[in-house]
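Engineer:
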Ligand SMILES: Cc1cc2nc3c(=O)[nH]c(=O)nc-3n(C[C@H](O)[C@H](O)[C@H](O)COP(=O)(O)OP(=O)(O)OC[C@H]3O[C@@H](n4cnc5c(N)ncnc54)[C@H](O)[C@@H]3O)c2cc1C
């Protein structure tokens, strides 16, 4: 029910759909309402966990429709543990959070930004696990 405008959802006859009837409109409405509620909840979580957080955060942008970006997320989690100084990882799906990706200048995924007190402090560049772990450890140490 998502539209091309983030946070705006469509339901009912105004959608391109196979069957325009009360039953399908009611289903659309239920899905759109839950999706809208989750969107608002995610905004609140992001505000609390990233923007207002006093500590360091790895902001990981992926796309749920691109399996390689999900695989990189797993690699990132493993490297984070391997670093010995695991940082908090907040995942952002660019398939649904386009505006957020634009706000952080993310044009390609996967992308892992380093944030400190809500401000961008760098980006993880490494492609293999050991190198990623070293980058995370350096971020933790403030290097
Ligand atoms: C003749 C006919 C018979 C039908 N028979 C059946 C049936 O037997 N069984 C069945 O399940 N379905 C039937 N349907 C389909 C069903 O009516 C629609 O699928 C359903 O009403 C769509 O609901 P909706 O809320 O998406 O849109 P609508 O019911 O069309 O509601 C949209 C509302 O938005 C308002 N609106 C539009 N623009 C604006 C604006 N700019 N600002 C504020 N308000 C605005 C409109 O006035 C309207 O009240 C029939 C449809 C028709 C036309």
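In my numbering, the protein residues as written are 1007 to 1149. Every residue gets a Cβ at the ideal spot worked out from N, C-alpha and C, and that includes glycine.
One question on the structure: do residue 1078 and residue 1146 come within less than 8 Å of each other, judged by their Cβ atoms?
Structural biologist: Going by C-beta atoms, residue 1078 is not nearer than 8 Å to residue 1146.
Engineer: According to DSSP, is residue 1021 helix, strand or coil?
Structural biologist: Reduced to three states, the DSSP call for residue 1021 is coil.
Engineer: Which runs of the beta strand (DSSP E) fall wholly inside the region 1076–1140 and span at least 3 residues, in chain order?
Structural biologist: Within the region 1076–1140, the complete beta strand (DSSP E) runs of at least 3 residues are 1094–1099, 1117–1122, 1125–1130.
Engineer: Label residue 1071 either buried or exposed according to how many other C-beta atoms from any shown protein chain fall within 10 Å of its C-beta, with 16 as the threshold for buried.
Structural biologist: Per the 10 Å Cβ criterion, exposed.
Engineer: With DSSP as the reference, label residue 1045 as helix, strand or coil.
Structural biologist: Residue 1045: helix per DSSP, three-state reduction.
Engineer: Any chance you could list the residues with Cβ under 5 Å from a heavy atom of ligand 1, keeping chain order?
Structural biologist: Going by the Cβ distance cut-off, the answer is 1018, 1019, 1026, 1027, 1028, 1031.
Engineer: Between which two residues does the beta strand (DSSP E) holding residue 1066 run?
Structural biologist: Counting along the chain, the beta strand (DSSP E) containing residue 1066 begins and ends at 1062–1068.
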